[in-house]
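Taking the working numbering, I'd label the letters of the sequence shown as residues -18 to 408.
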Amino acid sequence: MSNNTKADWISKDKEHVWHPFTQVSYAPANVVIERGEGACFIDIDGNRYIDGISSWWVNLHGHCNPHIVASVTKQIGQLEHSIFAGFTHKPGIELAQRLLQHLPSFDKVFFSDNGSTSVEVALKMTFQYWSNKGTPKHKVIAFKDAYHGDTFGGMSVAARNAFNQPFEALLFDVISIDLPTDDNMNALLLQLESILQLGDVSCFIFEPLVLGASGMLMYTPEHLQLLIDLCRKYDCLTIADEVMTGFGRTGKFFATDHLTNKPDIICMSKGITGGFFPLGATACKQFIFDAFISNDKMKTFFHGHSYTGNPTICAAALASMDLMESDTVQQQINFITNSHATFANELANCSNIEGVRHTGTILAFDIKTGEKTGYLNNAAEPLAEFFIKRGIILRPLGNVLYVLPPYCISADELGRVYDTVRELVGV
Ligand SMILES: Cc1ncc(COP(=O)(O)O)c(C=O)c1O
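This is how it looks when you write it as structure tokens:
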């Protein structure tokens, strides 16, 4: 196998592998990556690519970050994995404690495997919370354009679109509300209140401040606060899905750090391990945990995954937390945030694009194509190809182009990403 050429790898890839979110009938051959270094990938031919989207929003401190590599290497030689029921371990305990230090309104952390499972756990927690309390509630409120993962619960609480259309009949019903804006806020509050007054609402789930997969749609913390406060008034639990927004992406550690009154549950994944391994974590407040304590076995939270709380993965997450808490990373987050703000101003006058927006380290805009804006817009493939040819990974969501880099990106590298965008849009 080691003598295989690039063409061999590509042909074996085509023969044996089914890639996610990929239509093979027209997708170009996958780039065969051999190494990762800082904000870059290096392919089998030695070509470098700047990872402008942090490998699907997971990478924070660069590929093969030495501090995380060292932590994982140490842990894997000591305890690679253990069952997490009846047994516990230092990395799991320390990680829960460390996460909660950044989530002072929360008390317990439940580990799972990825972003979708962190959402499944949150939804099941809320449904069973009400059931355990003897007042079962079955309705869920979510944003019309939401994305919460590809499992059935996650799909159910998401927008009804191409991602889940074949499964629509199998998804549970959800009450959808519009994303808040200055114009619709009053009407939205009235609508939400009328839904809450009908009762039977288990929870309101939302991506705080930025709806990622639906096209980096943004809204303000002030508006979100009003929605959360209203839900609380009517005893409806609130779930912040911070799978994408967590760990610095919006400029603060968590997007919900922009709020005064916190939600009841937080879902975390993606950046939690610095982008090294899959890990889901769902944090909740004590009163939710308390509803599961009983001599009645049926009140137990019967949920778990074989690799729940894997110590090697927790070690990666702990090392990533060391870096997140350092001044260097905070400065980098500020640097990216400020650079995006300046570049967004420059782009605002460009006639080929619209809806230039940014929150923290996330910059997005829509390319005008004459087609409907959205994931199925045919601009996606040529746009991705345009950037790949220039050594930049920007994988648009349809015609929505966004830059969401790892925090370790250098000024030079970010400048190259911006220059390539300038070349595309003609500014
Ligand atoms: C807000 C949000 N929730 C959940 C998920 C699902 O995470 P995963 O792909 O790790 O299952 C994603 C993935 O993009 C996401 O953006």
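C-beta atoms are modelled at their ideal positions from N, C-alpha and C, and glycine is treated no differently.
What residues match up with residue i in a beta bridge as DSSP calls it?
| i | result |
| --- | --- |
| H339 | L344 |
| K89 | C265 |
| G19 | H44 |
| K243 | Note: K243 sits in no beta bridge, so no partner. |
| F185 | I122, T219 |
| D24 | I14 |
| I374 | D32 |
| I334 | I348 |
| C248 | D222, T263 |
| V191 | M199 |
Could you spell out the range, first to last residue, of the alpha helix (DSSP H) harbouring residue i?
| i | result |
| --- | --- |
| L208 | 202 to 214 |
| T401 | 392 to 406 |
| F316 | 308 to 328 |
| L364 | 361 to 370 |
| S112 | 96 to 113 |
| D(-11) | -13 to -3 |
| A168 | 166 to 178 |
| M136 | 133 to 137 |
| Q82 | 71 to 82 |
Within a Cβ cutoff of 6 Å, which residues of the same chain sit near residue i, ignoring the five residues on either side of it in sequence?
| i | result |
| --- | --- |
| T411 | Outside the displayed range of the chain (-18 to 408) lies residue 411, so it cannot be described from this structure. |
| G355 | G379 |
| F234 | H83 |
| V310 | L304, Y388 |
| I176 | I156 |
| I246 | A103, I220, C265 |
| P202 | H239, L240 |
| P259 | D94, N95 |
If you drop the 5 nearest sequence neighbours on each side, which residues of the same chain put their C-beta closer than 7 Å to that of residue i?
| i | result |
| --- | --- |
| K(-13) | V13, I25, D26 |
| G336 | F346, D347 |
| S99 | S93, V224, C248, M249, S250, G261, A262, T263 |
| T401 | F368, R371, I373 |
| E18 | H44, C45 |
| D181 | K118, H119, K120 |
| H129 | V100, G135, V138, A139, I186, D222 |
| I23 | E15, R16, R29 |
Within its chain, find whatever has a CB closer than 8 Å to the CB of residue i; leave out the 5 residues flanking it on each side and keep chain order.
| i | result |
| --- | --- |
| E174 | L211, Y215 |
| Q172 | I158 |
| K415 | There is simply no residue 415 to check, as the chain begins at -18 and stops at 408 in what is shown. |
| E352 | N358, N359, A360, N380 |
| L207 | P161, M166, L170 |
| N113 | A272, F273, S275, K280 |
| E75 | C295, L299 |
| Q178 | Y215 |
| T132 | S97, T98, V100, E101 |
| A143 | Y356, L357 |
With distances taken Cα to Cα, identify the nearest neighbour of residue i among the options.
| i | options | result |
| --- | --- | --- |
| G372 | P161, I34, K(-7) | I34 |
| T289 | L375, F270, N276, T263 | T263 |
| V53 | F68, F87, P292 | P292 |
| D164 | L81, K118, C21, H204 | H204 |
| L382 | A139, L198, T231 | L198 |
| P363 | W(-1), Y7, D(-11) | Y7 |
| K469 | K349, A51, I294, N46 | This structure does not reach residue 469, given that the chain is present from -18 up to 408, and the question cannot be answered. |
| T241 | G232, Q146, I209, H42 | I209 |
| R213 | W38, T231, S195, P244 | P244 |
| Y388 | Y399, I343, R397 | I343 |
| I64 | S287, E188, F2, A10 | S287 |
| H321 | V102, G232, N145, P1 | G232 |
| I317 | I269, F257, V384, S307 | V384 |
| P47 | A150, R141, F257 | F257 |
| W(-10) | E15, F2, V5, P1 | E15 |
| Q78 | V90, T69, G67 | V90 |
| E366 | P9, K349, Q4, T69 | P9 |
| S391 | N315, I334, A325 | N315 |
| R403 | N326, L41, D154 | N326 |
| A127 | S195, Q146, L80 | S195 |
| R409 | F270, G193, A103, R397 | Absent from the model: residue 409. The displayed extent of the chain is -18 to 408, so no value can be given. |
| G396 | F324, F228, W38 | F324 |
Considering just the uninterrupted stretch of the beta strand (DSSP E) at residue i, what are its terminal residues?
| i | result |
| --- | --- |
| C295 | Segment 292 to 305 is the alpha helix (DSSP H) holding C295; no beta strand (DSSP E) there. |
| I122 | 120 to 124 |
| Q195 | Before going further, note that residue 195 is Ser rather than Gln in the sequence given. No beta strand (DSSP E) holds S195; DSSP gives it neither H nor E. |
| R29 | 29 to 32 |
| S157 | 156 to 158 |
| L382 | 381 to 384 |
Taking CB distances under 8 Å as the criterion, tell me whether residue i reaches chain C.
| i | result |
| --- | --- |
| T162 | This model lacks chain C altogether, as it is built from one protein chain only. |
- Taking three-plus beta-carbon pairs below 8 Å as touching, is the stretch 298 to 306 in contact with the stretch 281 to 290? The answer is no - the stretch 281 to 290 does not touch the stretch 298 to 306, with fewer than three Cβ pairs under 8 Å.
- Taking one C-beta from the stretch 220 to 235 and one from the stretch 247 to 257 each time, how about it: are there three or more such pairs within less than 8 Å? Output reads yes: the stretch 247 to 257 touches the stretch 220 to 235.
- Message: Pairs of beta-carbons, one from the stretch 395 to 408 and one from the stretch 330 to 338, closer than 8 Å: are there three or more?
- Response: Contact holds between the stretch 395 to 408 and the stretch 330 to 338, because three or more Cβ pairs, one in each stretch, are under 8 Å apart.
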